[in-house]
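Participant: Mapping of the sequence shown onto my numbering: position 81 corresponds to residue 290, and the numbering continues sequentially without gaps.
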Amino acid sequence: MADTQSKGLIGRFLAASPDSVGKTVFIAVAVCLVASMIVSTAAVSLRPVQETNKKRDKQLNVLQVAGLYEPGQNVAEAFAAFEPQVLDLETNTFTDQFDAATFDGLAAAQDPELSRELENDPAGIGRQSRYKTVYLLREEDGDLDKVILPVHGYGLWSTLYGFIAVEENGNDIFGLQFYQHGETPGLGAEVDNPRWKALWHGKELRDEDGELEITVSKTVPAAGPEHHIDALAGATLTSVGVDNLVRFWMGEEGYGPFLKSLQAGEF
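1. What first and last residue would you give for the beta strand (DSSP E) that runs through PRO293?
2. According to DSSP, is HIS361 helix, strand or coil?
3. Around the C-beta of MET246, are 16 or more other C-beta atoms found within 10 angstroms, so that it is buried, or is it exposed?
4. Starting from GLY384 and walking both ways along the beta strand (DSSP E), at which residues does that stretch end?
5. Let me know the secondary structure DSSP gives GLN306 once reduced to three states.
6. Residues in the same chain with beta-carbon distance under 7 angstroms from GLY314, minus the five sequence neighbours each way, listed in chain order, please.
7. Give the range of the alpha helix (DSSP H) segment to which SER448 is assigned.
8. Can you tell me which residues form a DSSP beta bridge with ILE247?
9. Distance check for GLU377 and LYS264, CA to CA, integer angstroms please.
10. Do three or more CB pairs link the stretch 437-449 to the stretch 395-403 at distances below 8 angstroms?
11. Could you have a look at ALA397 and say whether DSSP puts it in helix, strand or coil?
12. Taking Cβ to Cβ, would you say ALA374 is nearer than 9 angstroms to LEU385?
13. Should ASP305 be labelled buried (16 or more other beta-carbon atoms within 10 Å of its own) or exposed?
14. Quick check on GLY371: does DSSP put it in helix, strand or coil?
15. DSSP three-state label for LEU269, please.
16. Going by DSSP in three states, VAL343 sits in which element: helix, strand or coil?
17. Check SER426 in the structure and name its three-state DSSP category.
18. Report the CB separation of ILE357 from ALA287 in whole angstroms; it is logged as a contact under 8 angstroms.
19. Taking its Cβ as the centre, do 16 or more other Cβ atoms sit within 10 Å of SER229, making it buried, or is it exposed?
20. So, helix, strand or coil for LEU468, using DSSP?
21. Counting C-beta neighbours from all protein chains within 10 Å, is the total for LEU454 16 or more, i.e. buried, or is it exposed?
22. Among the residues of its own chain, which have a CB less than 6 angstroms from the CB of ALA234, if the five just before and after it don't count?
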């Protein structure tokens, strides 16, 4: 006993059986601490790379939905053709209150000062930012060619995030693309199928009377096939979610007033 005590705390620890409770707990805690330090260091060091990749992914999706992406091209250089603007949905004007290159409308939706809680919420988003970054694409002579609008809303299992490209007349759809969702592979995830995405090209948001008629459904609505996109087979709730989110964002509480201004040639 005296010999054990004379070894001191470290000596007694080293002399203890490998199966002892004290040594087992110490080793477990030490491993956890070292692992957490490694993970934390990696997370901090990789954050700039993650932010760069996130920015590039957004630029890539904007290019794709506008039909401008070509494999192998420099994404940042191609994206320079777009003119980002922060749109104030309440005043239907562009604002210089924020930097359009870095403003995050999704983050702003969580700020009570920059957003509002929705009473009528068909898209299932909870809160809506007053400000959204839109991307203008102009012809060489400066005339507007297309506008790319961010959209999001709840599907079956997840919130779908994407972009819709609208022609300069504010009514004809050029394309729709989602860049993030968690819908069922082979069913709701068919929103990524190029054949289904191609169905959106050339469809019209509104009829001749200005009524919003765009619809995702199994049958052609009374408004006519020019306003209809076939629902995804076996993915009824995802299709309903896409229908709801597109109609919400293209409606009066979303980009509706802005799109009508485009039709009037005000932008």
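Even glycine gets a Cβ: it sits at the ideal position worked out from N, Cα and C. Only a predicted model underlies this, so the values are computations on that prediction, with no experimental measurement involved.
Facilitator: Result, derived from the coordinates:
1. 291-297
2. strand
3. exposed
4. 382-389
5. coil
6. SER338, TYR340, LYS341, THR342 and PRO359
7. 445-459
8. Answer is none; ILE247 lacks a bridge partner.
9. 25 angstroms
10. yes
11. Looking at the sequence provided, one finds Gly at residue 397 rather than Ala. In this structure, GLY397 counts as helix in the three-state DSSP scheme.
12. yes
13. exposed
14. strand
15. helix
16. strand
17. strand
18. No, ILE357 and ALA287 are not in contact; Cβ-Cβ is about 13 angstroms, not under 8 angstroms.
19. exposed
20. helix
21. buried
22. Note that residue 234 corresponds to Val in the displayed sequence, not to Ala. No residues qualify anywhere along the chain.
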